[in-house]
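Just add 66 to the spot in the sequence shown (first one is 1) and you have the numbering used here.
What follows is a short report on a single structure.
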Amino acid sequence: MNDEELRREYQRSSKAAPPGAHPDPEQLERIVNGEGSEAQRLVVLEHVLQCPTCGPELNLLRAASAGARAAHRQAPVARWLALAAVAILVIGLGALTLRSRRMTPNADVMRGRVEAMSLIEPASGANLERPIRLTWHAVDGATSYRVELLSTAGDLIGAWTTRDTSLAISDSARVRPSSSYDVWVRATLADRTDVSSPIVRFNVKQ
Numbered sequence: 067m068n069d070e071e072l073r074r075e076y077q078r079s080s081k082a083a084p085p086g087a088h089p090d091p092e093q094l095e096r097i098v099n100g101e102g103s104e105a106q107r108l109v110v111l112e113h114v115l116q117c118p119t120c121g122p123e124l125n126l127l128r129a130a131s132a133g134a135r136a137a138h139r140q141a142p143v144a145r146w147l148a149l150a151a152v153a154i155l156v157i158g159l160g161a162l163t164l165r166s167r168r169m170t171p172n173a174d175v176m177r178g179r180v181e182a183m184s185l186i187e188p189a190s191g192a193n194l195e196r197p198i199r200l201t202w203h204a205v206d207g208a209t210s211y212r213v214e215l216l217s218t219a220g221d222l223i224g225a226w227t228t229r230d231t232s233l234a235i236s237d238s239a240r241v242r243p244s245s246s247y248d249v250w251v252r253a254t255l256a257d258r259t260d261v262s263s264p265i266v267r268f269n270v271k272q
């Protein structure tokens, strides 16, 4: 597939709604905990990162998980306070999940325009040397771009905001050799809507 065909394929994929049905809370938990097969997590994560309904749910679960880990490192009194905060987050997540399941189909469509948003480099499955350099297509009306680097388990490793259409990820971002990572870019438009690229997985050379 040449560059032009690849560009058209990215455009088609970026105009589509997030793939698949909304994941269950249990599927989101498996992403946070790094459970299940890598392929299953990647499919669910690609939907979540492009879906305005599921994205907040995943963030709440990540916050709850971080709070639980912090609780074990605190003194007994502080530990109970942290656990109480986690319980509040879980209750809020349950209410959010119930509301999201009752929303109309129109509410599930990603907020924003349908312009193409896609990475030029790296290509999916590429083997790269450090520092990692990213390039993406400009989006008309974009005021900034947010780049997120994720582990294959869906954990956020680093995030950068720029007005340029390229970015170099330095070694300080903990990009290790002989490892695989996921990356995606979200363009914020002047009207505060977003256009997101598909997730691209790449490998770092030894």
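Ideal Cβ positions, reconstructed from N, Cα and C, are used throughout, including at glycine.
Because the structure is a prediction, the values reported are computed rather than measured.
Touching or not, the region 186 to 197 and the region 250 to 263, by the rule of three or more beta carbon pairs under 8 Å?
Because the criterion of three Cβ pairs below 8 Å is not met, the region 186 to 197 and the region 250 to 263 do not touch.
Do you know offhand how far residue 199's Cα is from residue 101's?
Mapped onto the sequence shown, residue 199 falls at position 133. Mapped onto the sequence shown, residue 101 falls at position 35. Computed Cα separation, rounded: 30 Å.
Could you name the residues of the same chain whose beta carbon sits closer than 6 Å to that of residue 253, not counting the 5 residues immediately before and after it, in chain order?
As a first step, residue 253 must be located in the sequence shown, where it is residue number 187. Within the same chain, 183, 205, 208, 211 and 261 come within 6 Å of residue 253 by CB-CB distance, once the 5 residues on both sides are set aside.
In this structure, does DSSP put residue 208 in helix, strand or coil?
Stepping through the sequence shown from its first residue, residue 208 is reached at position 142. For residue 208, the three-state secondary structure derived from DSSP is strand.
Please report the straight-line C-alpha distance between residue 117 and residue 244, rounded to a whole angstrom.
As a working mapping, residue 117 is identified with position 51 in the sequence shown. As a working mapping, residue 244 is identified with position 178 in the sequence shown. Each residue's Cα considered, the two are about 31 Å apart.
Contact check, residue 235 vs residue 224, beta carbons under 8 Å:
Working through the sequence shown from its first residue, we reach residue 235 at position 169. Working through the sequence shown from its first residue, we reach residue 224 at position 158. Yes; because the gap between Cβ atoms is below 8 Å, this pair is in contact.
DSSP state of residue 214 mapped onto helix, strand, coil:
Numbered from 1 along the sequence shown, position 148 holds the residue referred to as residue 214. The DSSP-derived three-state label of residue 214 is strand.
Going by DSSP, name the residue or residues bridged to residue 235.
Residue numbering aside, residue 235 sits at position 169 when the sequence shown is read from its first letter. Looking at the DSSP assignment, residue 235 forms a beta bridge with 198.
Member of 99, 104 and 130 whose CA lies at the smallest distance from the CA of residue 246
Taking the first residue of the sequence shown as 1, we reach residue 246 at position 180. For residue 246, the closest C-alpha among the options 99, 104 and 130 is that of 104.
Three-state secondary structure (DSSP) at residue 92?
Position 26 of the sequence shown, counting from 1, holds the residue named residue 92. DSSP, read as helix, strand or coil, puts residue 92 in helix.
Residue 266: first and last residue of the uninterrupted beta strand (DSSP E) it sits in
Mapped onto the sequence shown, residue 266 falls at position 200. Unbroken beta strand (DSSP E) run through residue 266: 266 to 270.
Name the DSSP beta bridge partners of residue 119, please?
Along the sequence shown, read from residue 1 onward, the residue named residue 119 stands at position 53. For residue 119, which the question treats as bridged, DSSP gives no partner whatsoever.
For the beta strand (DSSP E) holding residue 252, just list the boundary residues, first then last.
Start at 1 with the first residue of the sequence shown, and residue 252 comes out as number 186. Counting along the chain, the beta strand (DSSP E) containing residue 252 begins and ends at 246 to 255.
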